[in-house]
Amino acid sequence: MNTDVLITAGIDVGSSAVKTAIVRHPPDSPPEAIALRTDRIRRRELRKVIDESNAAALEQAGLSRNDVAYVASTGEGELVDFRRGHFYGMTTHARGAVFLMPSVRAVLDVGALHARALRVDERSRVLAYRMTNQCASGSGQFLENVARYLGVTLDEVGPLSCQATDPQQVSSICAVLAETDVINMVSRGISTADILRGIHLSMAGRYVKLLQAVGAEGDVLITGGLAADEGLAGALRDRANAERLAITVRTHPQSIHAGALGAALWGGFRHDVLSKRARLSA
Amino acid sequence: MTPSLAAIVARAEALAQDVSLDSVRAWKAAGRQRRAIGHMPIAIPRELIHAAGMLPVGIGGGGDRLEIIRGDAYFQSYICHIPRSTIELALSGRLDALDGMLFPSICDVIRNLSGMWRLLFPDRYVRYVDVPQNFDPQVGGRFWRQELDILRADLADLAGRAINDGALRASVAVYNEQRGALRDLYEARAREPWRFPAAELYQVIRAGNLLSAEEHSRFVREYLREAPLDPDRRDQDRSRVVVVGMFCEQPPVGLLMTLERAGCWIVDDDLLLGLRWLTRDVPLEGDPLDNLAQACLTSHVRTASMYEPEGRRGSWLVESVRRLNADGVIFCAPSFCDPALLDQPMLVAALDAAGIPHTQFKYSEDTGQFAVIREQAGTFSDSIRLWSQA
Amino acid sequence: MTARGEAMAPGVQKEPSMLLQKALIGGHYDALARAREDGRKVVYTFVPGNLTELLRSFDLLPVLPEINALQSAMRNKSAGYIAEAEKHGHSEDVCTYVKCDIGMLKKGNLGPTGQPLPKPDLLLLSYTGCFTFMKWFELLRQEYDCPVAMLHVPYQADGVIQPHQRDYIVRQLRTDVIPMLEYVSGRRYDEAALQERLALSARAEDDFVHVLESAKHVPSPIDAYFGGVYYVGPIFSAFRGTKEAIEYYRLLREEVDARVTIGAGPITPDGPMGAERYRLVVEGPPNWTSFREFWKMFYDEGAVVVASSYTKVGGLYDRGFRHEPSRPLESLADYCLGCYTNLGLPSRVALLERYVRDYRADGFVINSVKSCNSFSVGQLLILRQLEERTGVPGGFIESDLVDPRYFSASNIRNRVESYLQMLDQKRPAGARP
Amino acid sequence: MTVMDVFVGIDLGSTTTKAVVLDGKGGVIGRGITNSRSNYDVACGIARQEAFVAARFALTQAALAATPSLCDRAATLLPALSRSFRLQQHLGQLDLLRDALHRVAAQPRYQASSRELDGSVDLIVDTMRDRAPAMFGSLSVRKSDFFRDVAAAEYMQLAEERAGRKGATFDALAGLFDAAILPVENTAADNLFETHIGPALDRVLNARDDAAMTESMREVVTRVRGIDFHEASAVGTGYGRQRLPFPKEQIRSEILCHGLGAHAMFPGTRTVLDIGGQDTKAIQVDPQGIVTSFQMNDRCAAGCGRYLGYIADEMNLGVHELGPLAQQSRCRVKINSTCTVFAGAELRERLSLGQRREDILAGLHRAIVLRAMSLLARSGGVADEFTFTGGVARNAAAVAALTGLVHENYGQRRLNISPDSIYTGALGAALFAQRTGHP
Ligand SMILES: Nc1ncnc2c1ncn2[C@@H]1O[C@H](COP(=O)(O)OP(=O)(O)O)[C@@H](O)[C@H]1O
Ligand SMILES: Nc1ncnc2c1ncn2[C@@H]1O[C@H](COP(=O)(O)OP(=O)(O)O)[C@@H](O)[C@H]1O
Ligand code: SF4
Ligand code: SF4
Ligand code: SF4
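Chains as they are written, first to last, in the working numbering: chain A, -19 to 262; chain B, 10 to 399; chain C, 2 to 434; chain D, 8 to 446.
This is the structure:
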């Protein structure tokens, strides 16, 4: 492979998965992602998952470690000991989202423990943000737990939720105690689809508030682990309509990787800055 | 770190963790009939206590190590943390070294806490010190002077000796000295923040809650001399920020470290205002109590608890950001702190108008999880760094 | 503070005083909506320590934002207003009255009746018993860019009014407040007019106290909390020092006396209340978003509130205070100093203790609202102290004023129910059911 | 037929439903417990039934003890009879489970592999049946009283052994179980004393027993079986009490029931702490067992039993294993998260940093106990004697942490924990039933 072109890597270490992106920066055309990976941690040793993810992504791109000029971490990136720089999660998600979909003016990043809403400008600068606090009510982990109780896999959650006919409200807000509600619903014979939709709607209710709080308008891209969950996107549209929030909820097949992509892209930017500096001082 | 700096830092750390007031007990034991008066964070004329030969002791909550067992008995979950740790300290006997307690008017929480103190400890001296919100010398000034007269008489009673003008004037001089040292420290830090890590600086100043003013002035001067000698402290590519909102419940030091690790240099803050209440020296000529009263009206620190008759809440913040050449403002307030949180929208509006970036988050003195704060502060400093070069 | 007679179930007969109260409050909103046309000036101010007589003597119209907030809540509008304010950067943690008010403003400043509210010509910051007031009007000043008059009322930490405190208020009235009112209204200060108003106030105050104290009868003819919030409406807000208020309290007094004569209990939104089974004292403001549901939890069980501290936030008339024409400014100062939330905790405990004894209460309940630090901080100690002093068990409920997110009906019902069952169990054998 | 007046108390908890049966004099004659994770009506029915079964065993025991010729043999016979009865019941539920598993396997989503699945199911359930007698043997200790837990553990283990690479995979088999167990739990199994006691007795009486004794034995059992329990009055309480099929007068707040129940078990009780699955209560009672003040937390799982349950799930442990592990800690870790879910994440993070399991667990126990301490403080402190009830009272580490903190902050207090503490609320309810039942 031609390695004259700048190559950077972004590694997004989450609490449930490690995401890796390898990006190529041709001198006279926009950057392009040449490898994207998600590796779920599942109680494995984190450092190992990171190394494997990186190695697998390089393999996919047909590159070796030395071809990568700048490795940028994001998320809980302290364990990426081969990184050159670190960017914080919102910085990278904003960059990744605008890269994937240039019309995006707000980002909703839903991770395992937190959800964040960001308002961004066309250059992906974060103008305002809101995050959920230290209560996991409505988090990705919550959804994961519910799925476990319902005996469905995470990939099934979205499609099922979209089949709901009569969504059920979940009464308690606590992510843990709500499980009891879920179990009760199951025993009352309520369909899995309706339960999941109810959960999605209650999560979406929280997210709409976050989006409102940052003043989101126009295209909103969902990123993070739940980005691929159409059920959540649907519920978010419903809630946003109900609240008359003027947004268009968008999804993108690669938006799970927004953080990793953003890191790789910012890595490219820093690399240029640093090389320029080096040249100047030389 | 030079050995002498390490010693200063270690002492400051030890004092910051001295929630049982061992140092106050030691001070009392070192002389006959020594008494100590506790007070909550702001606006207390410590000079008056000093002039009565007593030790003013700043009570700034219980920090992040104190387990709250009985303090929660008195406060609902939606009330900030400082009153519960303060009550915990008192109920567990840790504040027994204090011979009295003063509650300045910071907010309704502290105000009501003064009443709780009366009910819980009926035989201890308690006073609510009502700071005027009217700054006309003939109106608010007169009232404040009358409040101080009462306080002077009470303190004299407790001390068993009158507080004469001479003693008071001498105390004012001692505190002018301390004010000077603290001002110098803040100025030095604003110039070269990397020489004075925020957590360290905070603890050095916090020592003033427990040490006598004379000793604390020396301590601060020593630190001011030693810290810049550390060769390992160097400037880094970070954003300069002003932090606002921490005037009452103090943040855990981990939070200050987190802000720095996330790429910020703190160039100004409103920590420990009780020790830095007056921004200028108090004149020594004339009636010392009048001077003190007057200083409180005209040169108190601007903070959420004090009324702004001109409605210029935001502009002083903008001015200080500009003066200190800061890149942005971090609003960092205790959860459920009404004064700080209600202040924010006004300050935000002014910053927005001036085009100054800002971000905000909440803490409690016993917050142990900094991941979210790191993320937010990091994104903030990222955006300042990346976009200033872009 | 004041609620309009909206909560009644259809078909329930309203008493004349209810209709009058509703007309008074409604009329005031009408007057406000017309203020610009009528060329009248408007002053925003707070309920505790309000200077209605003084404002009226300048022919100024008072607007009480707290009342707008609670009225909005009773009409299910507060949630949207609060969301609006939070959207504008107001914290989730702070007093919801403020957010409700700011949200209402941001959404076009239509008052609870749907009529537009006039902008203030002056913000009279009667800084009494609550720090949030200061922030509230600082925020409003930023929105309206209008003059502010600050009246700092010192705290009665020791339970007695000290001369220098009164003097401080009177000086502020003379040097700041009155000149500002003169400037805004374009009139000179007229002490005689003020004295006349104060005399009218005192007359209504007498009847008001008579009504409150009627609850000492068994059964009580009134509910001094859920019903009480209607009774305090006129006297805590824009009507002190008016003939209308005198008329209202006279009428109310007659109705209450009539019920005493026949041994009847209070009127609830579902009609006359059933047998009185529990007599309670309540501390703390009510919840407004589910006011009716909240009240029902009590009256369905035969629980009647015989005395409450909330009906004292606009003055402690039953402890003897009256506006006095002979010392106009001094008595305004004493009025401000004496409002319930301006009292130190020991005084609050003593007052509640008296209520439990004087009104022969079986128990007392504290409704602790998230919004209000002024009320809420220390209530758990008040609970303990009262239990110790009176030997009567206390109940503790948590809710909020105007934020429906903090009213969990099932939770509160569980607590109320457990508490009343506990009172039952405590009754000596053979006592009332 | 003899008619016997009894009083019943039912505590419909969030995790478990408990029933207590009192005789006419107020003595406890039977206790029953079941999982609430199903239908409330069913849970209530099962708990009640279990309590009646227990009552009949108690009466049988009393009758045997009163018959001189039988009392010696009774000592060995009765426990065997009880085990045999339980076994009978268990087998009945296994049959239900088998049917339910087949029904699920017949659903369209398993179409492709339903044959393999059916085969595996039969194999697994047959093995479970075969192993059942050993499980109810005289020396065996079961991990749980609930069919769900016992069956799940065995099933999953067998499923893992039997899982094929295609069709009947472990995931598919596990999925079957999750879907099948609910209807099984929701079927009020026919486990009445009346039906099962006959076969159970036959199984334990052996040839060595002489005919006369066997005869009088059968006669005692028949007599007890014939007793007609007359429910003079019943009172319901607990988290789900509003859903109990009882009139309003027969429903009491769980706070009062807990107070009264604790008083009945330990008459010196002045403070009660109950940490249940979904709520925690701190209650002060007077010398008559009347509640004078209380506080409860029921909105947030942090601080309730579920907190530990969640952590146990995270660590793939049973709740009963947590306490013993935590007690091995030598250096407690301070847990920074309040939220249960965040604490779960913190746990994973700390484990990945190489911190010891037991030290982290000790920190988690400390956290839940500190929350309880604050609730206790809010309810008025800890007076002497102090009674600890609810599921978490079975956790030795929690008890140890609590004892230490109470001692440090309130001085020496007598701590009461009853092995039957989980029935406290139901006992209180039954006592209320007795009060209202007797004019
Ligand atoms: N395929 C999927 N379908 C639905 N939800 C998913 C899927 N993958 C992950 N999730 C959800 O996303 C969450 C993790 O999101 P992620 O962004 O990976 O978080 P973090 O960055 O903290 O690891 C999980 O808790 C889970 O709920
Ligand atoms: N054997 C045990 N060892 C340790 N903890 C237990 C045990 N059994 C139950 N628990 C704990 O008790 C909780 C259930 O308590 P319980 O009193 O049954 O709840 P409820 O009354 O709400 O149904 C569980 O969440 C678990 O944490
Ligand atoms: S309510 Fe539930 S999700 Fe929220 S903090 Fe508590 S345990 Fe966590
Ligand atoms: S932290 Fe804020 S709310 Fe709490 S006591 Fe201090 S000023 Fe008041
Ligand atoms: S804090 Fe209380 S008194 Fe103050 S404005 Fe809010 S509700 Fe009113």
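In this text, a Cβ means the ideal position worked out from N, Cα and C, and glycines have one as well.
With 8 Å set as the bound, which would you pick, yes or no: does the beta-carbon of E388 (chain C) sit closer than that to a beta-carbon of chain D? yes
Check the DSSP bridge columns for Q40 (chain A) and list the partner residues they point to. Q40 (chain A) pairs with nothing; no bridge assigned.
Taking DSSP as the reference, what is the three-state secondary structure of S(-4) (chain A)? coil
Which residues bound the beta strand (DSSP E) around M298 (chain C)? First-last for M298 (chain C): 292 to 300, but that is the alpha helix (DSSP H), not the beta strand (DSSP E).
Bridge partners of G337 (chain B), per DSSP? B:V250
Name the one or two DSSP bridge partners that D89 (chain A) has. A:R96, A:T203
Going by alpha carbons, who is nearest to A437 (chain D) out of D:L98, D:A269, D:T394, D:L358? Comparing Cα positions, the closest option is D:A269.
Cβ distance (whole Å) where R136 (chain D) is taken to contact L98 (chain D) below 8 Å: 6 Å
Along the region 151 to 169 of chain A, what residues have a CB closer than 7 Å to any CB found in chain D? C154, A155, V156, L157, T160, I163, V166, S167
For L129 (chain B), report the span of its alpha helix (DSSP H) as first-last. Going by DSSP, L129 (chain B) is part of the alpha helix (DSSP H) stretching over 117 to 129.
Specify whether the region 69 to 84 of chain B and the region 168 to 182 of chain B touch according to this definition: at least 3 beta carbon pairs, one from each stretch, less than 8 Å apart. With fewer than three CB-CB distances shorter than 8 Å, the region 69 to 84 of chain B does not count as touching the region 168 to 182 of chain B.
Report the option in B:I53, B:V253, B:M10, B:I77 whose CA atom is closest to the CA atom of Y137 (chain B). Scanning B:I53, B:V253, B:M10, B:I77 for the CA closest to the CA of Y137 (chain B) turns up B:I53.
From the beta carbon of E22 (chain B), is the nearest beta carbon of chain D less than 8 Å away? no
DSSP-derived helix/strand/coil call for R433 (chain C): The predicted model places R433 (chain C) with a pLDDT of 49, which falls under 50 and marks its position as unreliable, so this point remains unresolved.
Going along the region 300 to 311 of chain D in order, which residues come within less than 9 Å of chain C, judged by CB to CB distance? S300, F301, Q302, M303, D305, R306
Output needed for S180 (chain B): all residues of its chain with C-beta closer than 6 Å, excluding positions within five of it in sequence on either side, in chain order. For S180 (chain B), same chain residues with a beta-carbon under 6 Å away, outside a window of 5 residues either side, are E56, H59, A60 in chain order.
Need the endpoints of the alpha helix (DSSP H) that P17 (chain C) sits in, please. P17 (chain C): member of the alpha helix (DSSP H) spanning 17 to 39, first to last residue.
Who are the Cβ neighbours of A89 (chain A) in its own chain at under 6 Å, not counting the five residues just before and after it? In the sequence under discussion, the amino acid at residue 89 (chain A) is Asp, which differs from the Ala named in the question. For D89 (chain A), where only same-chain residues beyond five positions count, the Cβ hits under 6 Å are H73, R96, T203, G204.
Any heavy atom of ligand 5 within a distance shorter than 7 Å of the CB on L280 (chain B)? no
Suppose you measure from the CA of G275 (chain C) to the CA of R260 (chain C); what does that come to, to the nearest Å? 14 Å
Report the neighbours of M111 (chain A) on chain B: residues whose CB is nearer than 8 Å to its CB, in chain order. V381, E384, Q385
Positions along the region 226 to 239 of chain C whose CB lies within less than 7 Å of some CB in chain B: Hits within the stretch: zero.
Could you name the residues of chain B that R277 (chain D) contacts, counting a contact when the two beta carbons are closer than 8 Å? Neighbours of R277 (chain D) on chain B: none; closest Cβ ~16 Å, over 8 Å.
Looking at chain B, is there any beta carbon in it that lies within less than 8 Å of the beta carbon of H336 (chain A)? This structure gives no information on residue 336 (chain A), because the portion of chain A shown stretches from -19 to 262.
Output yes if chain D places a C-beta closer than 8 Å to the C-beta of G205 (chain A); else output no. no
Taking 7 Å as the cut-off, is the CB of A222 (chain A) close to at least one heavy atom of ligand 6? As far as ligands go, the structure on display features ligand 1, ligand 2, ligand 3, ligand 4 and ligand 5 and does not contain ligand 6.
Beta-ladder partner(s) of Y360 (chain C), from DSSP: Paired residue(s): none; Y360 (chain C) is not in a bridge.
Show which residues of chain A have a CB atom less than 9 Å away from the CB atom of W274 (chain B). Near W274 (chain B) there are no residues of chain A at all, since even the closest Cβ is about 17 Å away, more than 9 Å.
Tell me which same chain residues have a C-beta within less than 8 Å of the C-beta of F273 (chain D), skipping the five on either side of it? E392, T394, N423, S425
Residue range of the beta strand (DSSP E) that includes W274 (chain B): 273 to 277
If you draw a straight line from the alpha carbon of D102 (chain C) to that of L160 (chain B), how long is it in whole angstroms? 39 Å
For L368 (chain D) versus L412 (chain D), is the C-beta spacing smaller than 8 Å? no
Reference E321 (chain D); option with closest CA among D:A72, D:Q291, D:F349, D:P254: Scanning D:A72, D:Q291, D:F349, D:P254 for the CA closest to the CA of E321 (chain D) turns up D:F349.
Closer than 8 Å to chain B by CB, M380 (chain D): yes
Classify A399 (chain B): buried if its beta carbon has 16 or more other beta carbons within 10 angstroms, exposed otherwise. Because the pLDDT of A399 (chain B) is 46, which lies under 50, any placement of that residue in the model is unreliable, and the number read from its coordinates should be weighed accordingly. By the neighbour-count rule (16 or more Cβ atoms within 10 Å), A399 (chain B) is not buried but exposed.
Inter-stretch contact (C-beta, 8 Å, three-pair minimum) for the region 88 to 106 of chain D and the region 251 to 262 of chain D: no
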